[in-house]
Every structure is written in C-alpha cells, then in structure tokens.
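Right, one structure below, let's go through it.
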C-alpha cells in the first residue's frame, strides 16, 4: 500500500467508520474511460513512451503544450454531454483533443507522430476499455490528399465511417471488433468516436497510421512506430491519474471534461455535414441537466437517485454500498477521497 493510501485509510479509521466508507467506495460504479490501442492512438502512444519523458519529438511537443497530466489521464479524452452531436461540439483543428484544452498537445499538426502500419482490407481493431459501458464505435479515416502538417478538420475525414459497431465483445479488457479498411497509401489518420448508450458521454481518439511507405514526412525521417501501453505501464501510472478511481464525482470533475458548448456554426461553403448530428444517442440539444463531467454530475445523491445512476452504469439498486447506508456512506467516502486528492495536490 502506498503512503497516500495508508494516510487515507488512517483518516477513515480515526473517524471510526473505515468499514462503511471503504465498502461504499469499492462498490461504487466506475466511470467509462478508454482509448484506441490498435491502431494506437496518439495519447496512448505518448503514454507508452513515458508520461513525463517521452521519446519521440511529437510526444515531447505534446507534453510541452499540454503538460504531463494529459498523458497520465490518457483514457479520458471525452465530452460529457456529447449525445451524438460530435461535429457541432468539436471545432475544426481540435478533433484530437475533442475541444478540451487539457489535451491541446494532441492537436499539433505534424507528420512525425508515432504511427501504426495498416493495410487495406479486413482488420481487427482493439480499444482499451478501462471502465466498460454499452455503446457504439464509429471509425473514420482521412480522405486521399490528407496533409498531416495542417490542423485536422472534419472535412478531412471521409463522410461515412468505415467501421460502425454497437456493443462489441471484450477480450482481456479490450473492445474487439472487425472493420474493412479502404485502399489508401502513405500517412493517414483514423478517428474514433465511442458514444455511450447509457449516458450522453462520448470518447474520441486520433490514431496515426501508414499504408505502405510513409510519405507524410516531406523527405524527413519516417516517424517512429507507435507502441501500446502494457498492463504494467497502465498500473504504474494509475496512482498519478485523476481518472483512474472508482466512483463518480469530484475525481471525474478533475479530468477537464466540462459541459461543452457547440462549435461555431459552419460558414457558407463549408461542408454541410460538419454541423449535423451524427445520428448517435440523440437528435436534439443536450438536456439542461446533462452531466457536468464524464457522464455523471457530482450532484447530491439520494438512495433512489443512486439506484437510477447505477442502472445506467451497469449496476443495480442492490449494489452493496446502498445496502450499507446509501447517501450517508457515499458522502463519508467522498469526504475522505477529496481530502486525499487535496493532499496529493499540495505535495505537487
């Protein structure tokens, strides 16, 4: 047990409610998180290189632009209230960060991002689901003539996804599904959208890929091959992540995902599709009470409301923490967790 966890446990014990609070925390549902690992997403590749000292020039530039926390929180590039309105919420040039300033380094237009080799035809895709949820995955690829040295726009992507699956199976913590890659040559980008069906929350990734010879470097040395984070690497960085925690609430609010305003309306002549709903989850504007962060707002919880939230996240009203005190136990556990987070921030 780390020193931070020992201090947290000691604080709970001092209050005389350790069993109650710790049971509440361990039984609470986890927030949905994840990222593409085949082909490897930009944020996953940089995390695998080392969150604080990556190897590649592109990841070093992203670290300088975004800071180290963006890499430790590699599995939370999301919009809490997307509800299928991806193109309306994410402006051109910010697709890889999903319009989230915390991840702005991922939007850097460069031809040397670590990449994955692909070939046209059937391919098995993998998406690391660190907290599984029901939902749909749509994968898009850039059009012929794509220039990686320019900011990525919605109009750079093919209009229709080449892979579109709902509730794919999981294997060893990965969503696994097949798709057919179109004929492409040189450097391209695969853009994924994971839209939850039990929440308006959605997740986004950019994966740099190469078909055949890497022609995107304008004569420069080919970019390095992207690596997938190992389970050991994921575990090693979990203590520094602000999203690798059980339960919703304050920790979720620290991912930087807030209710997102729509992107500016497209100007005359811009692709009409850029302002349209993608046909996922909802066709109307997000409700006024849409979750503030990662799909579940940090609102006061009643026993009834907690039961509803659990149903949405794969739990049920019989989940243990409701049986041992419901809102009271959750509030106590939250207070302890918040204190731990504050101590962690103070040490930094």
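Residue numbers (our numbering): 479 to 826.
Think of the CB as a built atom: it goes at the ideal place given N, C-alpha and C, for glycine as much as any other residue.
Please tell me whether residue i and residue j are closer than 8 Å, where the distance is taken between their beta carbons.
i: residue 652; j: residue 591; result: no
i: residue 516; j: residue 655; result: no
i: residue 670; j: residue 518; result: no
i: residue 680; j: residue 560; result: yes
i: residue 594; j: residue 584; result: no
i: residue 692; j: residue 701; result: yes
i: residue 564; j: residue 620; result: no
i: residue 544; j: residue 614; result: no
For residue i, count neighbouring C-beta atoms within 10 Å of its own C-beta (all shown protein chains included) and say buried if the count is 16 or more, exposed if not.
i: residue 673; result: buried
i: residue 606; result: buried
i: residue 703; result: exposed
i: residue 530; result: exposed
i: residue 713; result: exposed
To the nearest angstrom, how far is the alpha carbon of residue i from that of residue j?
i: residue 715; j: residue 578; result: 21 Å
i: residue 719; j: residue 539; result: 20 Å
i: residue 658; j: residue 639; result: 10 Å
i: residue 555; j: residue 534; result: 21 Å
i: residue 626; j: residue 566; result: 23 Å
i: residue 622; j: residue 648; result: 32 Å
i: residue 537; j: residue 684; result: 13 Å
i: residue 612; j: residue 646; result: 9 Å
i: residue 601; j: residue 586; result: 27 Å
i: residue 597; j: residue 618; result: 15 Å
i: residue 678; j: residue 562; result: 7 Å
i: residue 557; j: residue 668; result: 19 Å
i: residue 717; j: residue 661; result: 42 Å
i: residue 644; j: residue 635; result: 21 Å
Grab me the residues of residue i's own chain with a C-beta within less than 7 Å of its C-beta, minus the 5 sequence neighbours each way, in chain order.
i: residue 552; result: 513, 521, 522 and 525
i: residue 446; result: Residue 446 is absent from the structure shown; the chain starts at 479 and stops at 826.
i: residue 707; result: 522, 525 and 526
i: residue 546; result: 529 and 530
Among the residues of its own chain, which have a CB less than 6 Å from the CB of residue i, if the five just before and after it don't count?
i: residue 642; result: 616
i: residue 690; result: 663
i: residue 548; result: 580 and 581
i: residue 765; result: At residue 765, the pLDDT of 34 sits below 50, so the modelled position is not reliable and the matter cannot be decided from this model.
i: residue 688; result: 593, 595 and 665
i: residue 573; result: 630
Residues in the same chain with beta-carbon distance under 8 Å from residue i, minus the five sequence neighbours each way, listed in chain order, please.
i: residue 599; result: 658 and 659
Consider the Cβ of residue i: report whether some Cβ of chain B lies at a distance smaller than 8 Å.
i: residue 593; result: Included in the structure is just one protein chain, with no chain B present.
> Where in the segment 584 to 637 do unbroken runs of the alpha helix (DSSP H), each at least 4 residues long, occur, reported from the N-terminal end onward?
Replying inline: For the segment 584 to 637, not a single whole alpha helix (DSSP H) run of length 4 or above is found.
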